[in-house]
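Peer 1: My questions will all concern the structure given below.
2 protein chains.
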Amino acid sequence: MPCVKNTPGTDGVGCPHETMKTADPELMRAINRLSVLDTIRRHGPISRVEISERTELSTTTVSAITGSLLDDGLILTRHEGDIRNETVRGRPRVMLEVNPDAARVVGAKIAANRMVFVVTNFRGDVLSKLTLPIRIDRQPIAVIADLVEDGVRRCVVDADLSLEDVDSVCLGIPGVIEHRTGYIRSSPIFREVNIDFAAEMSVRLSTPTIIESDAHAITLGHHWFGKARDLEDMVLISLEQTLGLGVLHRNQLFRGAGGLSHNLGDLVLGMGQQGVVRLSSRAGESAILGEQQTDGRFAEAVRLGRGMSHVQALIQADDDRLIGAAMRAGEAVGLTIANIVTLFAPPRVILVGSSLALGEPFLNSLRDAYALAIPPSLKGVSELVFDDSTDDFWAQGAAAVALYELYESPWSTTGPAL
Amino acid sequence: MPCVKNTPGTDGVGCPHETMKTADPELMRAINRLSVLDTIRRHGPISRVEISERTELSTTTVSAITGSLLDDGLILTRHEGDIRNETVRGRPRVMLEVNPDAARVVGAKIAANRMVFVVTNFRGDVLSKLTLPIRIDRQPIAVIADLVEDGVRRCVVDADLSLEDVDSVCLGIPGVIEHRTGYIRSSPIFREVNIDFAAEMSVRLSTPTIIESDAHAITLGHHWFGKARDLEDMVLISLEQTLGLGVLHRNQLFRGAGGLSHNLGDLVLGMGQQGVVRLSSRAGESAILGEQQTDGRFAEAVRLGRGMSHVQALIQADDDRLIGAAMRAGEAVGLTIANIVTLFAPPRVILVGSSLALGEPFLNSLRDAYALAIPPSLKGVSELVFDDSTDDFWAQGAAAVALYELYESPWSTTGPAL
DNA sequence: CGAATTTAATTTGCCATGCGTAAAAAATAC
DNA sequence: GTATTTTTTACGCATGGCAAATTAAATTCG
Chain A
15 MPCVKNTPGT
25 DGVGCPHETM
35 KTADPELMRA
45 INRLSVLDTI
55 RRHGPISRVE
65 ISERTELSTT
75 TVSAITGSLL
85 DDGLILTRHE
95 GDIRNETVRG
105 RPRVMLEVNP
115 DAARVVGAKI
125 AANRMVFVVT
135 NFRGDVLSKL
145 TLPIRIDRQP
155 IAVIADLVED
165 GVRRCVVDAD
175 LSLEDVDSVC
185 LGIPGVIEHR
195 TGYIRSSPIF
205 REVNIDFAAE
215 MSVRLSTPTI
225 IESDAHAITL
235 GHHWFGKARD
245 LEDMVLISLE
255 QTLGLGVLHR
265 NQLFRGAGGL
275 SHNLGDLVLG
285 MGQQGVVRLS
295 SRAGESAILG
305 EQQTDGRFAE
315 AVRLGRGMSH
325 VQALIQADDD
335 RLIGAAMRAG
345 EAVGLTIANI
355 VTLFAPPRVI
365 LVGSSLALGE
375 PFLNSLRDAY
385 ALAIPPSLKG
395 VSELVFDDST
405 DDFWAQGAAA
415 VALYELYESP
425 WSTTGPAL
Chain B
15 MPCVKNTPGT
25 DGVGCPHETM
35 KTADPELMRA
45 INRLSVLDTI
55 RRHGPISRVE
65 ISERTELSTT
75 TVSAITGSLL
85 DDGLILTRHE
95 GDIRNETVRG
105 RPRVMLEVNP
115 DAARVVGAKI
125 AANRMVFVVT
135 NFRGDVLSKL
145 TLPIRIDRQP
155 IAVIADLVED
165 GVRRCVVDAD
175 LSLEDVDSVC
185 LGIPGVIEHR
195 TGYIRSSPIF
205 REVNIDFAAE
215 MSVRLSTPTI
225 IESDAHAITL
235 GHHWFGKARD
245 LEDMVLISLE
255 QTLGLGVLHR
265 NQLFRGAGGL
275 SHNLGDLVLG
285 MGQQGVVRLS
295 SRAGESAILG
305 EQQTDGRFAE
315 AVRLGRGMSH
325 VQALIQADDD
335 RLIGAAMRAG
345 EAVGLTIANI
355 VTLFAPPRVI
365 LVGSSLALGE
375 PFLNSLRDAY
385 ALAIPPSLKG
395 VSELVFDDST
405 DDFWAQGAAA
415 VALYELYESP
425 WSTTGPAL
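What follows is the structure, encoded as structure tokens:
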């Protein structure tokens with residue numbers, strides 16, 4: 015069934031595969047506007063002709079839409095920068111680009127032992143960033159909300175802005191996040207379940223605030239800025255405290271039925287002596303580090319979120335126990351990736367997260383297990399990419415989620431000139 | 015990115031999430047026509063007012079679209095049958111229903127040891143059916159194509175039709191089927207890989223022929239006629255010789271990147287003594303029956319596709335080896351279902367296929383393993399439904415795939431009256 | 001039995017959208 | 001300075017959907 019318009023205001027976002035409704039001219043315009051705007055964002059300074067070619071819209075329509083985007087101040091013209099052959103005759107192309115100052119958003123990665131905030135402009139460029147190395151694990155909601163609010167406010171001030179200048183905030187959170195409704199169904203950093211966190215933070219910040227699974231956020235981040243810019247289908251696996259999954263399907267985040275995020279850690283690897291063995295018990299951060307907690311200094315490092323870097327050092331010092339744990343984790347993850355590939359057959363799988371810092375023992379056993387487990391018929395269809403981006407990048411991904419919704423929102427009507 | 019129009023003729027089908035292109039009035043009309051037609055199909059004889067309510071299109075638009083559908087002969091009016099209170103005042107509603115005779119399609123289920131064909135009308139009612147209990151396993155393409163062609167032709171004749179009366183044929187085939195291109199990437203019933211079977215059969219039958227994974231076919235079948243009529247998201251798992259998966263996402267079949275089907279049997283359950291343990295090695299039909307092949311009479315029954323019914327008898331006679339195999343299979347499938355639910359969180363999981371005939375030992379261990387493996391946070395979100403429909407139903411599902419494409423196709427323009 | 005009432009479906013008028021063609025504009029080459 | 005080439009805009013056409021008014025068909029009431 016085709017994707018179509020929503021009842022207005024329900025969840026704001028345009029067409030993308032929400033409940034099947036009806037098509038009307040307004041939807042048509044929204045689709046094409048988004049298509050043009052996204053083309054401009056994605057393909058840098060670009061002339062109208064080229065937009066027309068890429069979008070397969072007529073030059074007429076492109077001109078109309080770009081006109082309206084210019085009116086709304088979402089894009090800018092630039093008269094230099096025609097890269098084509100210098101000796102080309104005729105009127106030079108006017109290049110269009112996204113207006114960086116058309117909006118500002120805050121993106122955040124909320125993790126158990128740190129929070130990272132970025133303020134970005136409309137293009138997704140980072141204007142300021144802020145890392146709070148605070149353990150918020152299992153604090154009451156009010157405490158976490160306080161800290162998040164504080165972080166957002168400070169990061170906004172760092173960018174020489176006021177909260178009123180910020181159009182939208184997106185928080186990337188581990189766990190089962192229901193983006194559509196703004197509810198946190200369950201998260202390792204919250205004691206409670208079913209929290210309407212988006213509403214809570216919207217009120218506190220008096221700015222529209224959305225939430226998204228951290229894995230989804232960095233998935234969109236990679237699609238916008240990172241290692242999946244060239245793809246419209248891909249899968250991302252995040253290996254952090256929580257094991258997350260992001261699926262990009264035809265340029266859109268694939269959110270399960272009801273908008274739930276995926277929680278890879280709950281996947282079952284098999285039956286052990288005492289019940290099921292879940293992936294999280296083999297490859298979760300705490301599973302790998304857990305055995306080491308006896309060492310006082312090390313435990314402290316873990317508390318502060320420095321666990322993985324210490325591990326790296328220990329592994330290089332040939333800590334056998336740790337190497338074993340890393341290899342077992344790598345094997346488990348490798349098998350899981352093979353299974354994910356079996357289901358989704360994406361052209362690329364991106365792996366991110368702190369566990370990558372485990373280094374060669376982990377990665378090699380992961381690769382080996384993957385090679386072993388991938389069905390022969392799918393050999394070679396998926397490329398494994400390891401990404402060790404910093405935390406900023408996660409936050410930037412959350413910003414991309416917020417920006418995507420701005421890109422989709424109507425702004426103004428193309429209608430007759432004012 | 016929104017779904018939009020395709021380059022015309024590429025794959026015929028309207029909006030549904032193909033490559034992202036542009037929206038134009040034609041697409042708008044296609045979306046709304048499909049929406050109206052599907053509403054009429056789904057909600058039986060229905061008045062225009064009610065269509066307007068369900069689709070959220072204005073009565074004006076509904077009148078225009080139904081007018082065009084009537085012109086095209088796709089729907090019929092019926093003046094009786096207003097079920098509402100007899101004492102209702104005002105002009106009576108004219109009920110609309112799908113014209114059963116607007117088209118005819120053939121649907122088929124091709125399995126290793128049997129082929130089942132049905133001819134249906136435009137509504138999906140079965141006009142004739144034909145079962146060929148032939149083992150085609152690993153025959154050369156030409157032989158299989160011959161048999162399929164023969165089956166289609168005979169079934170059409172049985173329905174007192176000629177092939178020219180048939181608008182479309184859809185073959186449901188196990189394995190990795192690329193519906194979009196018509197290629198069989200790999201299938202247990204073919205020795206070869208990468209066969210352009212849709213093209214081959216289209217020529218032989220001189221009728222548009224499409225192929226689809228058998229699991230996808232019965233998934234759509236359940237959405238149209240079966241146990242998922244009320245849902246727009248669900249997951250189906252087929253337990254036959256091949257283990258298949260169908261995902262319905264927002265009323266559409268979710269086909270992996272590139273339109274591949276899923277092949278559950280390749281999923282890895284864990285590492286065994288000698289390499290990986292795949293689901294197919296535990297729960298595939300041959301895995302369960304394999305150990306029994308020593309018994310001559312039994313082996314013969316398996317060859318003829320009666321394996322599972324014999325198994326049932328043997329299990330009732332307390333064949334310990336077989337009960338053990340069934341229980342192991344149930345456990346493996348139960349774990350897998352839990353993992354699928356973890357990924358997709360569908361409100362319902364439908365299980366189909368010959369392995370269900372294994373009976374209580376299988377089902378109970380499946381249920382137990384599922385209950386054990388499902389993460390607590392997802393407990394209760396998915397309902398397990400066992401469906402023991404006959405082979406006809408699979409073929410009918412394939413017919414639904416063919417019909418869906420007819421429903422989407424343009425027929426005529428709404429345009430001004432002739 | 002005829003008129004008022006009620007509900008359904010169609011027709012009319014309006015606005016938005018996209019497309020194609022043709023004219024205008026802008027910069028370069030000669 | 002004029003011709004040339006390319007890009008951009010302006011206009012008319014067609015389609016789609018919607019709201020309001022109109023017509024249609026039945027029931028109820030006087």
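Chains A and B supply the protein sequences, listed in that same order.
Quick note on numbering: the numbering used here labels position 14 of the first sequence as 28, and the sequence is numbered without any gaps.
Quick note on numbering: the numbering used here labels position 130 of the second sequence as 144, and the sequence is numbered without any gaps.
C-beta: ideal position from N, C-alpha, C; glycine also.
So, helix, strand or coil for Phe400 (chain B), using DSSP?
Peer 2: Counted from its first residue, the second sequence places residue 400 (chain B) at position 386. The answer is strand: DSSP assigns Phe400 (chain B) an E or B state.
Peer 1: Can you pull the chain B residues whose beta carbon is under 7 Å from the beta carbon of Leu281 (chain A), in chain order?
Peer 2: Sequence index remark: in the first sequence, residue 281 (chain A) carries index 267 (1-based). Correct list: Asn353, Thr356.
Peer 1: So if I threshold CB-CB distances at 8 Å, which residues from the segment 179-190 of chain A count as touching chain B?
Peer 2: Taking 8 Å as the Cβ-Cβ cut-off against chain B, the residues of the segment 179-190 of chain A that qualify are Val190.
Peer 1: Report the three-state DSSP secondary structure of Asn378 (chain B) (helix, strand or coil).
Peer 2: The count along the second sequence starts at 1 and reaches residue 378 (chain B) at position 364. Asn378 (chain B) falls in the helix class under three-state DSSP.
Peer 1: Mind pulling the beta strand (DSSP E) runs of 3 or more residues that sit fully within the segment 48-126 of chain B?
Peer 2: Whole beta strand (DSSP E) segments, 3+ residues: 89-92, 109-112, 118-124.
Peer 1: Interface residues of chain A around Ala387 (chain B) at Cβ under 7 Å?
Peer 2: Here the question's residue 387 (chain B) lines up with position 373 in the second sequence. Within chain A, the residues near Ala387 (chain B) are Val282, Val290.
Peer 1: Using a 10 Å radius around the Cβ and a threshold of 16 neighbouring Cβ atoms, would you call Asp52 (chain B) buried or exposed?
Peer 2: Working through the second sequence from its first residue, we reach residue 52 (chain B) at position 38. Classification of Asp52 (chain B): buried, given that the 10 Å Cβ count is 16 or more.
Peer 1: Roughly how many angstroms lie between the CA atoms of Val290 (chain B) and Ala413 (chain B), to the nearest whole one?
Peer 2: Position 276 of the second sequence holds residue 290 (chain B). Position 399 of the second sequence holds residue 413 (chain B). If I take the Cα positions, the gap works out to 37 Å.
Peer 1: What are the residues of the segment 57-72 of chain B that lie near chain A, defined by any Cβ-Cβ distance shorter than 8 Å?
Peer 2: From the segment 57-72 of chain B, only Thr69, Glu70, Leu71 have a Cβ closer than 8 Å to chain A.
Peer 1: May I ask you to report which of helix, strand or coil DSSP gives Phe131 (chain A)?
Peer 2: Here the question's residue 131 (chain A) lines up with position 117 in the first sequence. Correct three-state label for Phe131 (chain A): strand.
Peer 1: Enumerate in chain order the residues of its own chain whose CB-to-CB distance from Ala173 (chain B) is below 6 Å, with the five nearest sequence positions on each side excluded.
Peer 2: Looking up residue 173 (chain B) in the second sequence gives position 159. The answer, listed in chain order, is Val133, Leu141, Ser142.
Peer 1: Suppose the cutoff is 8 Å on Cβ atoms and the five residues either side in sequence are ignored; what does the same chain contact list for Val50 (chain B) look like?
Peer 2: For the purposes of this step, residue 50 (chain B) is taken as the residue at position 36 of the second sequence. Closer than 8 Å at the Cβ level, and outside the excluded window around Val50 (chain B), lie Ile65, Thr69, Leu71, Val76, Ile79, Thr80, Leu83.
Peer 1: Look at Ala122 (chain B) and Phe131 (chain B) and say whether their C-beta atoms are less than 8 Å apart.
Peer 2: On the second sequence, residue 122 (chain B) is found 108 positions in, with the first residue counted as 1. On the second sequence, residue 131 (chain B) is found 117 positions in, with the first residue counted as 1. Yes.
Peer 1: Can you name, in chain order, every residue of its own chain whose Cβ lies under 7 Å from the Cβ of Ala352 (chain B), other than the five neighbours on each side?
Peer 2: Walking along the second sequence from the start, residue 352 (chain B) turns up at place 338. The answer, listed in chain order, is Tyr384, Ala387, Ile388.
Peer 1: What is the DSSP secondary structure of Asp38 (chain B), counted as helix, strand or coil?
Peer 2: Position 24 of the second sequence holds residue 38 (chain B). Reduced to three states, the DSSP call for Asp38 (chain B) is coil.
Peer 1: Work out the CA separation of Glu214 (chain A) and Glu178 (chain A) for me, nearest whole Å.
Peer 2: Within the first sequence, the letter at position 164 stands for residue 178 (chain A). Within the first sequence, the letter at position 200 stands for residue 214 (chain A). Looking at the two C-alpha atoms, the distance is approximately 18 Å.
Peer 1: For Gly394 (chain B), count neighbouring C-beta atoms within 10 Å of its own C-beta (all shown protein chains included) and say buried if the count is 16 or more, exposed if not.
Peer 2: Walking along the second sequence from the start, residue 394 (chain B) turns up at place 380. Counting Cβ neighbours within 10 Å, Gly394 (chain B) comes out exposed, since fewer than 16 surround it.
Peer 1: Nearest CA to the CA of Ile225 (chain B): which residue from B:Val157, B:Tyr197, B:Asp86, B:Asp139?
Peer 2: Counting from 1 along the second sequence, the entry for residue 225 (chain B) is found at position 211. Of the candidates B:Val157, B:Tyr197, B:Asp86, B:Asp139, the one whose C-alpha sits nearest the C-alpha of Ile225 (chain B) is B:Tyr197.
Peer 1: Give me the residue from A:Asn378, A:Arg92, A:Gly186, A:Gly348 with the minimum Cα distance to Ile337 (chain A).
Peer 2: Within the first sequence, residue 337 (chain A) is the residue found at index 323, counting from 1. With distances taken between Cα atoms, Ile337 (chain A) lies closest to A:Asn378.
Peer 1: What residue range is occupied by the uninterrupted beta strand (DSSP E) comprising Glu192 (chain B)?
Peer 2: For the purposes of this step, residue 192 (chain B) is identified with residue 178 of the second sequence, where counting begins at 1. That run of the beta strand (DSSP E) goes 190-192.
Peer 1: Once the 5 residues before and after Thr223 (chain B) are set aside, which same chain residues still bring their CB inside 6 Å of it?
Peer 2: Within the second sequence, residue 223 (chain B) is the residue found at index 209, counting from 1. Taken in chain order, the residues that qualify are Val183, Ala212, Met215, Ser216.
Peer 1: Assign Thr221 (chain A) to one of three DSSP states: helix, strand, or coil.
Peer 2: Indexing the first sequence from 1 puts residue 221 (chain A) at position 207. Three-state DSSP puts Thr221 (chain A) in coil, outside helix and strand.
Peer 1: Indicate the three-state DSSP secondary structure (helix, strand or coil) for Ile364 (chain B) in the structure shown.
Peer 2: Sequence index remark: in the second sequence, residue 364 (chain B) carries index 350 (1-based). It is a strand residue.
Peer 1: So Arg205 (chain A) contacts chain B; which residues on that side make the cut at Cβ distance below 8 Å?
Peer 2: Here residue 205 (chain A) refers to the residue found at position 191 of the first sequence. Neighbours of Arg205 (chain A) on chain B: none; closest Cβ ~14 Å, over 8 Å.
Peer 1: Quick check: Asp234 (chain A) and Leu267 (chain A), are their CB atoms within less than 8 Å of each other?
Peer 2: Counted from its first residue, the first sequence places residue 234 (chain A) at position 220. Counted from its first residue, the first sequence places residue 267 (chain A) at position 253. Here residue 234 (chain A) turns out to be Leu, not Asp, going by the sequence shown. Contact: yes.
Peer 1: In whole angstroms, give me the CA-to-CA distance for Arg55 (chain A) and Arg137 (chain A).
Peer 2: As a working mapping, residue 55 (chain A) is identified with position 41 in the first sequence. As a working mapping, residue 137 (chain A) is identified with position 123 in the first sequence. Straight-line Cα distance between these residues: approximately 7 Å.
Peer 1: Can you check which of these residues, A:Arg92, A:Val119, A:Val120, is closest to Met109 (chain A) by C-alpha distance?
Peer 2: On the first sequence, residue 109 (chain A) is found 95 positions in, with the first residue counted as 1. Among A:Arg92, A:Val119, A:Val120, the Cα nearest to that of Met109 (chain A) belongs to A:Arg92.
Peer 1: Using CA atoms only, rank isn't needed, just tell me which of A:Ala371, A:Phe239, A:Ala156, A:Leu245 is closest to Ala297 (chain A).
Peer 2: Mapped onto the first sequence, residue 297 (chain A) falls at position 283. Looking at the Cα atoms, A:Ala371 is the closest of the given residues.
Peer 1: Let me make sure I understand the geometry here. Which of B:Asn113, B:Ile60, B:Leu90, B:Asp139 has the alpha-carbon closest to that of Pro106 (chain B)?
Peer 2: Counting from one through the second sequence, the residue named residue 106 (chain B) turns up at place 92. Cα-wise, what sits closest to Pro106 (chain B) is B:Ile60.
Peer 1: Nearest-angstrom Cα distance between Thr195 (chain B) and Arg199 (chain A)?
Peer 2: Translated into positions along the second sequence, residue 195 (chain B) becomes position 181. Translated into positions along the first sequence, residue 199 (chain A) becomes position 185. The alpha-carbon atoms of Thr195 (chain B) and Arg199 (chain A) are separated by roughly 40 Å.
Peer 1: Residues bridged to Met248 (chain A) by DSSP?
Peer 2: For the purposes of this step, residue 248 (chain A) is identified with residue 234 of the first sequence, where counting begins at 1. BP columns for Met248 (chain A) point to A:Leu262.
Peer 1: Quick one: is Leu417 (chain A) near chain B, going by C-beta distance under 8 Å?
Peer 2: Locating residue 417 (chain A) in the first sequence gives position 403, counting from the first residue. No, Leu417 (chain A) lies away from the interface with chain B (no Cβ there is under 8 Å from its Cβ).
Peer 1: Taking DSSP as the reference, what is the three-state secondary structure of Thr233 (chain B)?
Peer 2: Numbered from its first residue, the second sequence carries residue 233 (chain B) at position 219. Thr233 (chain B): helix per DSSP, three-state reduction.
Peer 1: Determine, for His193 (chain A), whether the minimum Cβ-Cβ distance to residues of chain B falls below 8 Å.
Peer 2: What you label residue 193 (chain A) is simply residue 179 of the first sequence in a count that begins at 1. No, no contact with chain B.
Peer 1: Using alpha carbons as the reference points, say which of B:Asn46, B:Val366, B:Met285 lies closest to Val399 (chain B).
Peer 2: Position 385 of the second sequence, counted from the first residue, corresponds to residue 399 (chain B). It is B:Val366 whose Cα lies nearest to the Cα of Val399 (chain B).
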